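Engineer:
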Amino acid sequence: MIPQHCIPVLLILIVSCAHFPQQGMQDVKREIEFRDVIKDPEAFKGEAIIWGGVIIETITRSDDTLIIVRQTELDFQKQPKDLDKSAGRFIIRYRGFLDPALYSRDREVTVEGRIAGKEERFVGEHRVSHPVIDSDSLRLWETWRKSPDYYDPWYEEPYPIWGPYPYYYHHHHHRRPPPRIRK
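Residue numbers for the sequence shown follow the working numbering, beginning at 20 and rising by one.
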């Protein structure tokens, strides 16, 4: 049985783990696929979406910031996954200034917003139509790099064969996975 004074604390902790505002999440239609929108963005104008991907370019203007994103699928946390697979590009329009040094190339981003239409841009010499999203909520994901794998010949565990209390036996040494280090 949970004491009565712990219930408000638990509720606050549970609610504080949300990444995006919940009022906007109810408007999002799960059946709207990026592949359908990229064919005809005007048909989906005003629809709420949550998309993500990898930043290609950030353009600052006097009243807003445009982020051109290579779309990828999202995992259960709404973080971009399968970064090598993409169905196309889209543009995030953010009202205000975003620093291009932070929102830089190859960073992962997730946006919640509404489809505002389309914009024609050149990719190389090809003219491509990009869906434009008016951002309600924007999430820039942390970058991680893998630490170098190396073998430390001088490292030895304090209990090489027998573990600490209750003195269990290690039948073999386990290699720990390399730590993830922030860039």
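Every residue gets a Cβ at the ideal spot worked out from N, C-alpha and C, and that includes glycine.
Source: prediction; values computed, not measured.
Contact between the stretch 81-89 and the stretch 52-60: three or more CB pairs below 8 Å?
Structural biologist: Verdict: no, contact absent.
Engineer: Could you check where the beta strand (DSSP E) with W58 kicks off and where it finishes?
Structural biologist: According to the sequence provided, residue 58 is Lys. The question's Trp does not apply to it. No beta strand (DSSP E) holds K58; the alpha helix (DSSP H) holding it covers 53-58.
Engineer: From this set, E61, K100, A62, which residue's C-alpha is nearest V128's C-alpha?
Structural biologist: Nearest C-alpha to V128: K100.
Engineer: Nearest-angstrom Cα distance between R140 and I51?
Structural biologist: Whole-angstrom Cα-Cα distance: 23 Å.
Engineer: Quickly, what does DSSP pair S148 with across the bridge? List them, please.
Structural biologist: Per DSSP, E139.
Engineer: Kindly give me the distance between the Cβ atoms of S123 and T77, rounded to whole angstroms, as I take these residues to be in contact under 8 Å.
Structural biologist: The pair is a contact, with the Cβ atoms about 7 Å apart (cut-off 8 Å).
Engineer: Check the C-beta distance from D155 over to G136 and give it rounded, since I have them as a contact under 8 Å.
Structural biologist: Between G136 and D155 the Cβ distance is about 16 Å, and since that is not below 8 Å, they are no contact.
Engineer: With a 10 Å radius around its C-beta and 16 neighbouring C-beta atoms as the bar for buried, classify W70 as buried or exposed.
Structural biologist: Buried: at least 16 other Cβ atoms inside 10 Å.
Engineer: Less than 7 Å between the C-beta atoms of I134 and K64, yes or no?
Structural biologist: It is a contact, given that the beta carbons lie within the stated cut-off.
Engineer: Please work out which residues of its chain come closer than 6 Å, Cβ to Cβ, to R114, disregarding the five sequence neighbours upstream and downstream, and give them in chain order.
Structural biologist: D83.
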